[in-house]
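So the mapping is simple: my numbering equals the position in the sequence shown, first residue as 1, plus 657.
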Amino acid sequence: MNQKQSKPNVILIVVDQMRADALSINRSDDLVVTPTMDMMASMGYNFENAYSPVPSCVPARAALLTGMDQEASGRVGYEDEVPWNYTNTLPQTFKDLGYQTECIGKMHVYPSRKRMGFDHVLLHDGYLHVDRKYNKAYGETFEHSSDYLDWIKQELGSDADIIDDGANCNSWDVRPFELPEKYHPTNWIVSESIRFLKRRDPSVPFFLKMSFEKPHAPLNPPKYFYDLYMDKLGDVSDLHIGNWEELEEKIPSLYAKRGKIPADAQKRMLAAYYGLITHIDNQLSRFLTAVEEFDLLENTIFWFVSDHGDQLGEHYLFRKGYPYQGSIKIPAFIFDPGNLIAGTKKSVTQLVKIQDVFPSLVELATGEKVETDGKSVRQLLFGEFAGWRNEFHGEHSLGEDSSQYILTDEWKFIWFPVKDEHQL
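In structure tokens:
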């Protein structure tokens, strides 16, 4: 350990819209290729039942940064352009404890340049088509809020763009990335994270949030990773449906939330989705090599988590916001190559929420305990389960599909209040 630095570094790796079973170690087959993530999870602590109680980008990220339940944060659905007036945040807490704090990639806060306790941010929230509408304030447009887009224009010229192919930010349609792979946003986030390791203040510990906007659509993996799964995937018609029959009759659109799409379109969608994940895995390997080369690997605690999942056509639903497992169950694991935590329980089966990340990282890295709606998982890593939750409440405001649900270790009860329908 660096003698000038008494506390370990912390790297929070966040992905967007990755469901729990898109991590190979969480599956019973070998379809998904995630060797780097599998190594990190198997050598660390894998949370087998991790959940996002309000499963869409804005409320999930509010829960992640604040540790607050939705009743406290006020985020019960996808309410964008509502100011983030939170003072007790994960990065601010680390900053107060003497850490240099940095975010690279997706924040999805409002205003988009609000730092939330980070010393510095390099942003790319992904292409959100609404950010190019004429009635957006200039400071919130894609051109202003994406440092990645600025970099692309510097590299390729002022006319360069990343949406000329027509790919949509919430579509199941597929457009493999047309530029060389080094220009993909996933590569950019890793490259900028490596640059941060080089330019950081070496006399203090750092907290880095490395936040990928994939595998969220646009579904545009580099062609190599797309082709990998077009070759691997077989029959994709065997989906878990278990839903109301009328959803099968919905006519899908490219901006579909629901409906049955042709089998060949389903296969392309899955190939692109899994391809984006394997691409992230590939780039994480590059990043970990750099961490090791900077002699930081054994003095760093990593936490990997997704903000929510994706239905991927199950229940004839796409995207997120629904109370089903594809939408709410997420991959989450800690990688501790220096064995700084020295826990004994490597596979954790207790119910863990995204709100638990904040208090957990602070306690694991510094020994400090913070009061949030989430709970530190430290006790679970030592096989101590007394007092841990055995249920939680989740919800999402989504028009007629608004839902409330209770999840326990054994069952889940769902209520759709607008339609007054129930599922158990």
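No residue lacks a Cβ here, since even glycine has one placed at the ideal position from N, Cα and C. All figures in this text were calculated on a predicted structure; none of them were measured in a lab.
Beta-bridge partners of M867, as assigned by DSSP: I670 and I761
Pairwise C-alpha distance: L806 and H936: 20 Å
Cβ pair count under 8 Å reaching 3, the region 1025 to 1035 against the region 936 to 946: no
DSSP-derived helix/strand/coil call for L806: helix
Buried/exposed call for A677, threshold 16 Cβ in 10 Å: buried
Among P768, S713 and R684, nearest to L1055 - alpha-carbon criterion: S713
Residue from Q1061, T1065, W1068 and D1066 whose Cα sits closest to the Cα of K1076: Q1061
Cβ neighbours of Y791 in the same chain (closer than 7 Å, five flanking residues each side left out): Legend: pLDDT at Y791 = 49, less than 50; position of this residue unreliable, value from coordinates given subsequently. Excluding residues within five positions, none has a Cβ falling inside 7 Å.
At least three beta-carbon pairs within less than 8 Å, the region 848 to 860 to the region 884 to 896: no
T768, DSSP secondary structure in three states: The amino acid occupying residue 768 in the given sequence is Pro; Thr does not appear at that position. In this structure, P768 counts as coil in the three-state DSSP scheme.
Cβ-Cβ distance between M764 and D776 below 8 Å: no
Nearest residue (CA-CA) to Y981, options L1081, M867 and F959: L1081
Residues sharing a beta bridge with N703, DSSP: F990 and S1004
Distance CB(D1030)-CB(D726) smaller than 8 Å: yes
Contacting residues, own chain, Cβ-Cβ under 6 Å from D1013 (five flanking each side not counted): G1031, K1032 and V1034
Whole-angstrom distance between Q749 and M773, CA atom to CA atom: 7 Å
Whole beta strand (DSSP E) elements within the region 946 to 987, 3-residue minimum: 957 to 963
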